[in-house]
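Just below is one structure, and these are the notes that go with it.
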């Protein structure tokens, strides 16, 4: 018999306090509100005062509302039955399917012992040259797409997900527009992937506290699939909404903010989610692709900044392109030595020349005469942007490498590239001057 | 256990307030009992009969009135043979053994012995019965991989003692008593192969501390030639994310010319540690030809592990470093990243509701950082042996802006600064250390005047480059343009290294000295080109040759052949040297 409490001492924002005994830190409770029952989580204990964060928010809670403690922390159902289902931030179904109350697993579990991890070694082929050639995506990588609002980041995310060949796809949507939710749903249904997808969706209209649960629920489920030897791809969009939800709640609880109002533990909070990406030595893997929108295209904003320090690189989406600068896959060197022997050298060379092109472009815009070298750079840069950076291009890596050599040979002689002679002899297009 | 007990009164994140009933010490370790597990924690504030504990584990599930036991000891690490090759978490829990016991995940409340209790060590006594010894004196040795591990009088025994008994040569485990010491008052102390030392206290049992004077070779040309690090010195590597801090540190940990490397992965990605764990046993130490792992200790408290033990992890790492320095060894401690450690301090300070300083960091941030770096140093031990700890810390400044509190507090106390720049890393220039921003107060492998000459050219070249952005290439004189070409040449072939090439990724000091003279030959040459295009084409060709030269193994036939081609090219085109360069090359 569970004890019922019905005297609420205080209601501040989303947090209520009641007097109760024997309550555990992190335990769940059910709170009766004017609009129905909501879940709440214990976030503080002090003597017999228990602070609870109400998922549905403080609105409509009376001081006489009943609180029933459930005796367990937040849990989510895990079985094969959740494939093809959609849930909200409190774990209830968002589709019309039945609610699942069996095979419950806790969320936000402990981190993986590093000695059970292995070095990532498998490339994920996306068919996008700017990813495959320049910033190769790797199984078990954690990688966000940095972009400003309005860029087609969700489209890019969905495209990678469809082409990546994962066993299970898990979508965690935070602060998502309803249209975007429908976009993902339709894309997965059309692509035939819906039956291997689980969705946890918090839309912009849902209570803030539920937003905080989305990554933990998505990753707890992903972890279970990975332990069953599956390669899981987790999509998290948009992590800035998640951070903003944390900010909102931290401020309402009088926590000292550190940088632009975000709580001091922003880094640790983000890290504990992203670090769930893993390649187990004797089981499957979790790859995390996130979206971090940058307010005002400011990469020094606390959310993209902290994210950049945690994740293994980022794709910088701007003007509909993945930018060659700022984009980085830290794990690419684990795989790009095994693809083709010109891969690394070509990648470095093309980026260096593209950087030189950018300098020349600047000079040109200031009205200076262009030297012969400058003109070569200009022709190269334009060709690179048109042929390589085009997001709609869908070619395998080998084709992309050949394309790279073509672009170089169109604009330069071989000794202008700074590439080592051995590679030039083998790969420099035959019909061109060398 | 001193017997003091307590009961949980409040829980707030990883901070627990406890009612206690006896004596409690600041920084004492306490255990909270919940669900049959004992969670380790540390006392960080005492007020009346309430004290605050920071818990080194997740606090989910703790109830008010749960039992708390105080241990009577401060947070300590076990020091003894068997530390090398270990992979520990921030509290010296061995992770591979933990994995065997608990499986894939780090279960809370499981604490294993840091050193293997059943391993036999071949002990050879170094003193006889009746000898008079004091703190840190060697009473015997055991072989530990390729080192002779000194068994010392525990550092907490601070007076003089007479050896009452000592075991003969033979095999012993860390559990066995190997000697008994008696102090002046006649009290006996049992000595084991290992002992405990509180991590937040520096080990200062040495005779004298020296100024760092000998370079620590990292095999990075940019570091060894331009911004050297000294044995016993300190340096920091701040940089925005993606600039290559960790890669730089990992390469340093492989190539550095030291006896022992302690890697502290503090609040960073687990993946990076995994690379070290898997790669190091396969790589060989160029000095000893043994696996690199045999000179390495890894302290790994990744970003998703509890934040309180992240704070402890750097202290654990430096205490282990100090222990090996005490044996007369040269130790390099690589801390990645000190910013995460500072953030751990900030999180704790926030929970204690202390008045925040800049960017909500606690007011004691600077003194804490200074206190950590000051534990480095070059020392002479009592037995005359020389040992050192060099500390290299990465800093991850928010937004890549070096004006933030952690970078500034660090710059005040270090001897060298290797500032990484976004601009250089975006252009795939490796290492991305910015030559204009960085500095070092230590002496390198090449005389300062020579380096100064190259540095000056680098600055002039960058000035010309800036100017060219305004007046254009046609508004630049040929002389200035050549200066600019020389500086970009120096950058491309000497400052940058190819981390993927097995030769170019590590350059020995001999090779650096040799190649640097050839570089001076080019930088100091007076060239008369017809026009800028001719100059650019010539330098492009030279650069191409020089890159192949960098890839050729030291003193191989290929190396010599390319070198003579390069010298030929210079001879053909150069109209002699300027006087300063001539003097430098002759010296």
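Chains as they are written, first to last, in this note's numbering: chain W, 1 to 434; chain G, 1 to 587.
Virtual Cβ for every residue (Gly too), placed ideally from N, Cα, C.
Computed from a predicted structure; not experimentally measured.
Among all the DSSP beta bridges, which residues are the ones paired with residue i?
i	result
residue 199/W	86/W, 171/W
residue 217/W	DSSP output for residue 217/W lists no bridge partner at all.
residue 617/G	With chain G covering 1 to 587 only, the question about residue 617/G has no answer from this structure.
residue 10/G	46/W, 17/G
residue 379/G	209/G, 387/G
residue 122/G	171/G
residue 256/G	Paired residue(s): none; residue 256/G is not in a bridge.
residue 196/G	78/G
Identify the contact partners of residue i in chain W, using a Cβ-Cβ distance below 8 Å as the criterion.
i	result
residue 305/G	111
residue 473/G	363, 368, 369, 371, 374
residue 254/G	By Cβ distance, chain W contributes nothing, its closest Cβ being about 15 Å from residue 254/G, past 8 Å.
Does at least one heavy atom of the ligand MN sit under 6 Å from the Cβ of residue i?
i	result
residue 11/G	By its list of ligands, the structure shown contains no ligand whatsoever, and the ligand MN lies outside what it can speak to.
Select from the options the residue whose C-alpha is nearest the C-alpha of residue i.
i	options	result
residue 205/G	177/G, 187/G, 136/G	136/G
residue 392/G	306/G, 146/G, 238/G	238/G
residue 26/G	295/G, 44/G, 13/G, 40/G	44/G
residue 145/G	164/G, 291/G, 433/G, 133/G	291/G
residue 54/G	5/G, 289/G, 349/G	349/G
residue 179/W	424/W, 171/W, 198/W, 204/W	204/W
residue 441/G	463/G, 431/G, 415/G	415/G
residue 425/G	193/W, 355/W, 420/W, 99/W	355/W
residue 70/G	524/G, 50/G, 32/G	32/G
residue 378/G	258/G, 367/G, 351/G, 263/G	258/G
residue 548/G	560/G, 537/G, 447/G	560/G
residue 67/W	8/W, 317/W, 141/W	8/W
Grouping DSSP H, G and I as helix and E and B as strand, with all else coil, what is residue i?
i	result
residue 278/G	helix
residue 152/G	strand
residue 269/W	helix
residue 306/W	helix
residue 305/G	coil
residue 451/G	helix
residue 177/G	coil
residue 392/G	strand
residue 325/W	coil
residue 290/W	strand
residue 157/G	coil
residue 194/W	helix
residue 273/G	helix
Mind listing the chain G neighbours of residue i? Cutoff is C-beta to C-beta under 8 Å, in chain order.
i	result
residue 118/W	274, 278
residue 313/W	242
residue 420/W	547, 548, 551
List the residues of chain G whose Cβ lies closer than 9 Å to the Cβ of residue i, in chain order.
i	result
residue 300/W	240, 398, 399, 400, 401
residue 296/W	Chain G residues near residue 296/W: none, gap ~13 Å exceeds 9 Å.
Which chain W residues are close to residue i, counting only those with a beta carbon under 9 Å from its beta carbon?
i	result
residue 9/G	45, 46, 47
residue 575/G	Ordered by position in chain W, no residue passes the 9 Å Cβ test against residue 575/G, which lies about 24 Å from the chain.
Which residues in chain G have a C-beta closer than 7 Å to the C-beta of residue i? List them in chain order.
i	result
residue 325/W	426
List the residues of chain W whose Cβ lies closer than 7 Å to the Cβ of residue i, in chain order.
i	result
residue 410/G	Going along chain W, no residue has its Cβ under 7 Å from residue 410/G, so there is no contact; the nearest lies around 16 Å.
residue 300/G	114
residue 98/G	113
residue 12/G	44
Q: Using a Cβ-Cβ cut-off of less than 7 Å, list which residues of the segment 354 to 388 of chain G approach chain W; keep chain order.
A: 356, 359, 360
(Q) Residues of the segment 84 to 96 of chain G in Cβ contact with chain W at a cutoff of 7 Å, in chain order, please. (A) 87, 95, 96
Q | Chain-ordered residues of the segment 21 to 33 of chain W with a beta carbon less than 9 Å from chain G | A | Listed by position, the residues of the segment 21 to 33 of chain W near chain G (Cβ gap below 9 Å) are 21, 22, 23, 24, 25, 26, 27.
Q) Using a Cβ cut-off of 7 Å, which residues of the segment 344 to 357 of chain W contact any Cβ in chain G, in chain order? A) 344, 348, 351, 352, 355
Q.
Residues of the segment 160 to 179 of chain W in Cβ contact with chain G at a cutoff of 7 Å, in chain order, please.
A. Residues: none.
Q. Listed from N- to C-terminal order along the chain, which residues in the segment 234 to 261 of chain W have their beta-carbon within a distance smaller than 9 Å of any beta-carbon of chain G?
A. 255, 256, 257, 258, 259
(Q) Can you pull out the residues from the segment 542 to 559 of chain G whose beta carbon lies closer than 9 Å to at least one beta carbon of chain W? (A) 543, 544, 547, 548, 551
**Q.** Under 8 Å (Cβ pairs) to chain W, residues found in the segment 511 to 540 of chain G
**A.** Listed by position along the chain: 532, 533, 536, 540.
**Q.** the segment 376 to 390 of chain W: positions lying closer than 8 Å to chain G by Cβ
**A.** none
Q: With 9 Å as the limit, tell me which residues of the segment 58 to 81 of chain G have their beta carbon closer than that to any beta carbon of chain W; keep them in chain order.
A: 58, 59, 60, 61, 62, 63, 64, 65
Q. Which residues, in order along the segment 70 to 87 of chain W, keep a beta-carbon less than 8 Å from a beta-carbon of chain G?
A. Identification of residues in the segment 70 to 87 of chain W having a C-beta nearer than 8 Å to some C-beta of chain G yields 73, given in sequence order.
Q) Can you list, in chain order, the residues of the segment 105 to 137 of chain G whose Cβ is nearer than 8 Å to any Cβ on chain W? A) 105, 106, 107, 108
Q: Please name the residues in the segment 315 to 348 of chain G whose beta-carbon is closer than 9 Å to at least one beta-carbon of chain W, in chain order.
A: 337, 339, 340, 343, 344, 346, 347
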